[in-house]
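Protein chains: 2
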Amino acid sequence: MGATKTDLFTKEQNELANIARALGHPARIAILQHLVKINACICNDLKNELGLAQATISQHLKELKNLGIIQGSIDGTSICYCIDPKVWEEYKILFQTFFAGYQNPDKKCCEPGQC
Amino acid sequence: MGATKTDLFTKEQNELANIARALGHPARIAILQHLVKINACICNDLKNELGLAQATISQHLKELKNLGIIQGSIDGTSICYCIDPKVWEEYKILFQTFFAGYQNPDKKCCEPGQC
DNA sequence: ACATTCTATCGTAATATTGCAATGAAACGA
DNA sequence: TCGTTTCATTGCAATATTACGATAGAATGT
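Chains A and B are the protein sequences, given in the same order. Take 78 as the starting number for the first sequence in this note's numbering and just add one per residue. Take 78 as the starting number for the second sequence in this note's numbering and just add one per residue.
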């Protein structure tokens with residue numbers, strides 16, 4: 078035991094959970110926010126921006142790239158990373174849909190005798 | 078090493094990452110979706126709904142309760158869980174804001190010579 | 001060719017997460 | 001009171017994540 082039992086859940090549940098888990102680290106949030114802020118590609122200033130080692134940043138970038146939300150292209154000795162607009166939009170809608178599903182019920186929840 | 082270096086990041090980044098990580102498991106997504114679907118409190122049918130052991134479900138519920146997105150109230154021998162509308166709305170806006178920050182730039186990203 | 005720069009990968013250690021059986025604790029009904 | 005039901009907690013094992021130093025690979029400039 079110890080591994081997530083993905084087979085118990087739907088494809089959609091696993092997908093949303095995967096995206097959420099990828100966003101579930103402040104370094105990766107910071108990377109994405111930085112990319113959003115400059116609204117362009119970044120090449121080498123990530124090590125100064127975050128306080129982490131180069132190898133660690135590379136790992137986080139790899140996860141975000143695996144998720145598809147960022148893309149990298151080689152530019153000489155450095156690599157340009159930027160947000161993939163399509164995937165960003167797709168995930169945005171996924172979260173929107175998830176959160177939009179809930180409507181605040183007028184009747185109070187978890188009142189005695191309700192269950 | 079091995080622990081996340083939360084001190085390197087802002088409170089907002091850590092908060093968003095924490096929420097995302099809590100959503101980063103299909104069982105917890107499934108629990109929330111189930112709560113959304115019935116739009117009321119649940120008391121005991123979670124073990125049948127998911128295929129996990131009671132102890133495991135209890136753990137996931139605890140995490141969601143710690144996050145604040147669900148609340149539980151005692152009803153006899155069972156416990157009613159339901160979504161906390163305020164927190165749900167708060168997190169909904171947090172993710173909306175995060176995703177809304179990015180505007181698809183008109184110029185192509187990661188073109189040669191751009192960096 | 002050689003040194004330099006930038007990034008990915010490997011190896012390793014520390015820590016966190018996931019899952020379950022077993023055990024507790026609290027409320028209910030007979 | 002005693003057994004039942006329901007959920008939380010504990011203890012443990014398996015797996016995943018995080019972080020970094022060291023190393024390797026690829027492109028550039030001299």
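Where a beta carbon is used, it is the ideal one built from N, C-alpha and C, also for glycine.
Collapsed DSSP secondary structure at residue i in the structure displayed
| i | result |
| --- | --- |
| B/T151 | Strictly speaking, residue 151 of chain B in this sequence is Ile, with Thr absent from that position. It is a strand residue. |
| A/I115 | helix |
| A/Y158 | strand |
| B/Y168 | helix |
| A/A99 | helix |
| A/D65 | This structure gives no information on residue 65 of chain A, because the portion of chain A shown stretches from 78 to 192. |
| B/N91 | helix |
| B/L127 | coil |
| A/Q180 | coil |
| A/I106 | helix |
| B/I134 | helix |
Listed by chain order, chain A residues near residue i by CB distance under 9 Å
| i | result |
| --- | --- |
| B/T83 | P103 |
Proximal chain A residues relative to residue i, where beta-carbon distance stays under 8 Å
| i | result |
| --- | --- |
| B/N116 | Y179, Q180 and P182 |
Proximal residues of chain A, C-beta to C-beta of residue i below 7 Å
| i | result |
| --- | --- |
| B/K169 | F176 |
| B/V113 | G178 and Y179 |
| B/I160 | Y179 |
Partners in chain B for residue i, counting only beta-carbon separations shorter than 8 Å
| i | result |
| --- | --- |
| A/A94 | L100, G101, H102, P103, R105 and I106 |
| A/G79 | Result: empty, since nearest Cβ-Cβ is about 11 Å, beyond 8 Å. |
| A/G128 | K82 and L85 |
Beta-carbon neighbours of residue i, restricted to chain B and to distances below 7 Å
| i | result |
| --- | --- |
| A/N91 | P103 |
| A/A132 | Neighbours of A/A132 on chain B: none; closest Cβ ~11 Å, over 7 Å. |
Mind the definition here: the stretch 128–141 of chain A touches the stretch 105–114 of chain B only if three or more C-beta pairs lie below 8 Å; say whether that holds.
no
Three or more C-beta pairs closer than 8 Å, one from the stretch 96–109 of chain A and one from the stretch 90–106 of chain B: is that the case here?
yes
Tell me whether the stretch 161–177 of chain A and the stretch 166–177 of chain B touch, counting them as touching only if at least three CB pairs, one residue from each stretch, are closer than 8 Å.
yes
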